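J.: Structure provided below as structure tokens; questions to follow.
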Amino acid sequence: MGRLEGRRAIITGGGSGIGRASALRLAQEGASVMVVGRREEPLKETAALVAENGGTCLHHIADAGDEAGIAAAIERCVAELGGLEIFFANAGNTDSVRPFLEQTAEQWEGMFRDNVVTAFVACKLAGGYMAGHGGGSIILNSSTGSLRARGGTEAYGAAKAGVNHLTMTAACAFAGRKVRVNAILPGLTETGLTQPMFDWARKSGKEDRLGMLTPMQRPGHVDDMAGVVAFLASDDAAYVDGQLIPVDGGISATHPAGKFVY
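Residue numbers (my numbering): 2 to 263.
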């Protein structure tokens with residue numbers, strides 16, 4: 002029996018990358034899963050992969066930042082899967098690197114909506130349900146980019162820093178009601194958002210350089226993230242709450258040099 006046997010999970014941004022890998026991992030450990038996103042085909046592919054591996058996975062179309070859409074997803078999850086104990090707020094977005102003086106208020110607003118508001122909606126709605134139904138685990142997806150300054154990505158870094166603060170405040174808000182809130186902080190990981198960088202590195206023969214600044218000398222893999230998500234979802238993390246957990250090969254423990262665009 003898996004450590005998540007009998008539990009129900011929702012994963013936003015479940016059509017690719019860390020979301021898809023987490024759906025597969027949670028299902029492997031016994032959970033029934035619903036993947037949520039704005040595009041149906043990738044979600045259907047994830048659900049099919051989970052089914053091929055013997056798991057249960059529904060797909061649901063919704064914008065992670067839309068309260069009504071996520072409320073409907075939770076309602077359906079409860080109705081069709083029987084409850085909700087795990088919510089991985091994975092959906093988010095990044096932006097192209099640009100000098101500070103070329104950034105716009107609209108860009109910043111978009112980054113905060115796509116990263117902070119989506120996480121808030123998850124905490125509010127999933128946490129509210131869990132608090133009245135025996136508790137659960139909420140996992141947010143932040144970034145090691147929230148920990149240190151890097152020119153050209155100020156909006157993204159600030160938004161993910163907001164996710165970090167939300168993690169801690171939401172954990173306090175639900176303290177005593179058996180709802181835990183934690184965040185993973187991925188380092189450089191090959192996902193849909195970073196795919197162009199990895200593709201360029203491979204075409205130019207520089208793939209080995211992608212992990213050079215990381216003490217473990219490699220970039221992250223989505224399965225690295227999914228393993229920590231499964232841990233935080235499980236009772237093995239029963240006393241872990243309000244924590245920001247870098248999953249980055251050690252890069253946040255160092256002071257790597259980088260290219261800054263100011």
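Cβ atoms here follow ideal geometry from the backbone N, Cα and C, with glycine treated the same way. The model shown is predicted, which means the values in this text are computed figures rather than measured ones.
If distances are taken between C-alpha atoms only, which option among Gly188, Ser138, Val180 and Ala174 comes closest to Lys161?
T.: Of the listed residues, the one whose Cα sits closest to Lys161 is Gly188.
J.: Among Gly251, His222, Gly55 and Ala234, which has the Cα closest to the Cα of Ile19?
T.: Among Gly251, His222, Gly55 and Ala234, the Cα nearest to that of Ile19 is on His222.
J.: Apart from the five residues just before and just after Leu141, which ones in its own chain have a Cβ nearer than 6 angstroms to its Cβ?
T.: Within the same chain, Leu141 has close Cβ partners Ala90, Ala120, Val164, Thr168 and Ala184.
J.: Which class does Asn94 belong to by DSSP, given the choice of helix, strand or coil?
T.: Residue state, collapsed to three classes: coil.
J.: In this structure, what does DSSP give as the bridge partners for Ser33?
T.: BP columns for Ser33 point to Arg9.
J.: In angstroms, rounded to a whole number, what distance separates the CA positions of Tyr263 and Val117?
T.: With a pLDDT of 48 at Tyr263, under the threshold of 50, the predicted position of this residue should be treated as unreliable, though the coordinate-derived value follows. Going by the C-alpha atoms only, they are around 24 angstroms apart.
J.: Roughly how many angstroms separate the alpha carbons of Gln108 and Ala156, rounded to a whole number?
T.: Going from the Cα of Gln108 to the Cα of Ala156 covers about 7 angstroms.
J.: So what's Val241 in DSSP terms, helix, strand or just coil?
T.: Note: Val241 maps to coil in three-state DSSP.
J.: For Tyr134, list the residues DSSP reports as bridge partners.
T.: In the sequence under discussion, the amino acid at residue 134 is His, which differs from the Tyr named in the question. Note: His134 sits in no beta bridge, so no partner.
J.: By the DSSP assignment, the beta strand (DSSP E) with Arg181 in it spans what residues?
T.: Where Arg181 is concerned, the enclosing beta strand (DSSP E) stretches over Val180 to Pro187.
J.: Can you have a look at Asp224 and say buried or exposed, based on whether 16 or more other CB atoms are within 10 angstroms of its CB?
T.: Per the 10 Å Cβ criterion, exposed.
J.: Report all residues from its chain with a CB closer than 8 angstroms to the CB of Leu44; omit the five preceding and five following residues, and keep chain order.
T.: Here the set comprises Gly15, Gly16, Val36, Val37, Gly38, His60, His61 and Ile62.
J.: For Gly251, collect the residues of the same chain with a Cβ closer than 8 angstroms to its Cβ; drop the 5 residues on either side in sequence, then sort them by chain order.
T.: Contacts found: Thr215, Pro216 and Met217.
J.: For a test of your reading of the model: does the CB of Glu42 fall under 7 angstroms from any non-hydrogen atom of the ligand SAH? Yes or no.
T.: No copy of the ligand SAH occurs in the structure displayed, which carries no ligand at all.
J.: Suppose you measure from the CA of Arg8 to the CA of Glu86; what does that come to, to the nearest Å?
T.: Their Cα atoms are separated by approximately 6 angstroms.
J.: Is the stretch 172-180 close to the stretch 122-139, with three or more CB pairs under 8 angstroms?
T.: Cβ pair count under 8 angstroms is three or more, so yes.
J.: Can you tell me whether Phe121 is helix, strand or coil according to DSSP?
T.: It is helical.
J.: For the beta strand (DSSP E) that Leu59 lies in, which residues bound it at each end?
T.: Looking at the DSSP string, the run of the beta strand (DSSP E) that includes Leu59 is Cys58 to Ile62.
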